[in-house]
Amino acid sequence: MTFQKTLIIIAFLWANTALAQTDEFNQWQASQCGVGDHGEALLQTVQQNAAVLEPLFIKAFQEGPDNDQLMEVEANAKASYQRIQTYIEQHRATLDQATLEAFAQTSEAEFVATERRGFIIGYRDHALAGLNAIATEKAINMLEAISLDTTSTYQHKAMQYCLKRSGK
Numbered sequence: 058m059t060f061q062k063t064l065i066i067i068a069f070l071w072a073n074t075a076l077a078q079t080d081e082f083n084q085w086q087a088s089q090c091g092v093g094d095h096g097e098a099l100l101q102t103v104q105q106n107a108a109v110l111e112p113l114f115i116k117a118f119q120e121g122p123d124n125d126q127l128m129e130v131e132a133n134a135k136a137s138y139q140r141i142q143t144y145i146e147q148h149r150a151t152l153d154q155a156t157l158e159a160f161a162q163t164s165e166a167e168f169v170a171t172e173r174r175g176f177i178i179g180y181r182d183h184a185l186a187g188l189n190a191i192a193t194e195k196a197i198n199m200l201e202a203i204s205l206d207t208t209s210t211y212q213h214k215a216m217q218y219c220l221k222r223s224g225k
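174 is the number that my numbering gives to position 117 of the sequence shown; each next residue is one higher, with no gaps.
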């Protein structure tokens with residue numbers, strides 16, 4: 058076998074491994090982070106690939122979701138808002154006044170912004186759970202730093218992970 062063929066085979070195997078680990082990362086981000094039967098298997102897979110997944114979880118926590126993901130969330134939120142509007146118009150007579158007033162006070166832009174904000178928080182929260190699951194030295198150091206950051210939205214969650222890890 059020539060050197061060039063060997064390099065091609067190595068590149069192919071590396072690409073497949075990288076794709077599999079990206080898939081594991083995406084599954085983790087979309088999952089309930091190790092809950093249930095499927096979650097336990099995913100948790101084990103994530104832990105076995107900790108070294109490769111560590112930079113993905115760190116980036117996900119630090120940067121949040123990418124623009125394509127956010128655009129998809131916003132498009133889905135707009136569609137949901139329109140479905141709710143249609144439902145309210147069709148069932149106005151059967152809905153209580155408080156529901157009608159609450160929705161009337163929420164613009165489409167506010168609804169979309171709330172959904173977007175919730176997705177970002179959830180995405181970063183899943184990344185934090187991923188860091189806790191892989192428990193590499195760098196991941197634990199990051200959790201400890203976040204737990205001490207009084208300005209972080211994730212301080213309490215990171216603190217919980219650190220306390221569980223210390224057995225307190």
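The beta-carbon is built from N, C-alpha and C at its ideal position, and this holds for glycine as well.
DSSP places residue 224 in no alpha helix (DSSP H); its state is neither H nor E. Boundaries of the alpha helix (DSSP H) harbouring residue 125: 124-148, taken from the DSSP string.
With contacts defined as CB atoms closer than 9 Å, residue 218 and residue 209 fail to qualify as a contacting pair. Judged by beta-carbon spacing, residue 122 lies within the 9 Å limit of residue 176, meaning their Cβ atoms are closer than that value. Per DSSP, reduced to three states, the secondary structure at residue 192 is coil, with no helix or strand assignment. Relative to the Cα of residue 111, the nearest Cα in the group 195, 143 and 174 belongs to 195. Close CB contacts of residue 135 within its chain, under the 7 Å cut and outside five residues either way in sequence, are with 165 and 169 (chain order).
Taken through DSSP and simplified to helix, strand or coil, residue 153 comes out as coil.
Collapsing the DSSP output to three states places residue 182 in a helix. For residue 119, the enclosing alpha helix (DSSP H) begins and ends at 107-120. Secondary structure of residue 204 (DSSP, three-state): helix. Apart from sequence neighbours up to five positions away, the residues of its chain that approach residue 193 with a beta-carbon distance below 8 Å are 107, 108 and 111, ordered along the chain. Closest in C-alpha terms to residue 140, from the list 184, 223, 183 and 160, comes 160. Collapsing the DSSP output to three states places residue 211 in coil.
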